[in-house]
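K.L.:
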Amino acid sequence: MPAPYPFGETVRILRTGPSPGRDPRGQPLPGPDESFDVLGCVVTPREQAPTAGGSEQQGRDTVIVGWTVYAPAGTVIRTTDKARIRGVVCEITGESGDWGRNPFTGIRGPVQFAADRVTG
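Each step along the sequence shown adds one to the number in the numbering used here, with nothing skipped, and position 18 is 22.
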């Protein structure tokens, strides 16, 4: 079944448009808000296994660091975007991956991206 998935989640992509100029100190001014909602996404937890024997491994095997999101085909995600997933603001990690077309059905697959929780 192609996305959007009927029982999927809505993910808000937080995007800022191009800077309209610079302030008196030469710093770029923030661009206009170009955020949008992506409906029908599949959101799965993404884990990271700590280094074996390292200090992070004490008492646990994996750590949830964010989510993997499967968005409908054609969704454009930039590495400079952020995403609000389940109320948590996340940074986009790496580039999004387009699954392309299914060679058997011709149906477009989802666009997959990783989102890490923003801390600090």
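Glycine included, every Cβ here is placed at the ideal spot set by N, Cα and C.
Since the structure is predicted, the reported quantities are computational estimates derived from the model, not experimental observations.
(1) Asp85 and Arg29: beta carbons closer than 7 Å?
(2) Out of curiosity, what's the CA-to-CA distance linking Asp120 and Ala87?
(3) Between the alpha carbons of Pro24 and Asp37, how many angstroms are there, rounded?
(4) Between the C-alpha atoms of Leu33 and Ile17, what's the straight-line distance to the nearest angstrom?
(5) I'd like the span of the beta strand (DSSP E) that includes Leu43, first residue to last.
(6) In three-state DSSP terms, what is Ala87?
(7) Among Thr72, Gln116, Gly44, Cys94, which one has its Cα closest to the Cα of Thr14?
(8) Helix, strand or coil for Ile96 per DSSP?
P.N.:
This is what the structure holds:
(1) One-based indexing of the sequence shown puts residue 85 at position 81. One-based indexing of the sequence shown puts residue 29 at position 25. Cβ distance not < 7 Å, so Asp85 and Arg29 don't count as in contact.
(2) The residue labelled residue 120 in the question sits at position 116 within the sequence shown. The residue labelled residue 87 in the question sits at position 83 within the sequence shown. Each residue's Cα considered, the two are about 9 Å apart.
(3) Residue 24 sits at position 20 when you count from the first residue of the sequence shown. Residue 37 sits at position 33 when you count from the first residue of the sequence shown. C-alpha separation (whole angstroms): 12 Å.
(4) Taking the sequence shown and counting its residues from 1, the one referred to as residue 33 is at position 29. Taking the sequence shown and counting its residues from 1, the one referred to as residue 17 is at position 13. About 20 Å.
(5) Here residue 43 corresponds to residue number 39 of the sequence shown, with the count starting at 1. It spans 40-52 - the beta strand (DSSP E) in which Leu43 sits, taken as one unbroken run.
(6) By one-based count along the sequence shown, residue 87 stands at place 83. Strand, per DSSP.
(7) Within the sequence shown, numbered from 1, the residue matching residue 14 stands at position 10. For the residues Thr72, Gln116, Gly44, Cys94, the minimum Cα distance to Thr14 belongs to Gly44.
(8) On the sequence shown, residue 96 is found 92 positions in, with the first residue counted as 1. Ile96: strand per DSSP, three-state reduction.
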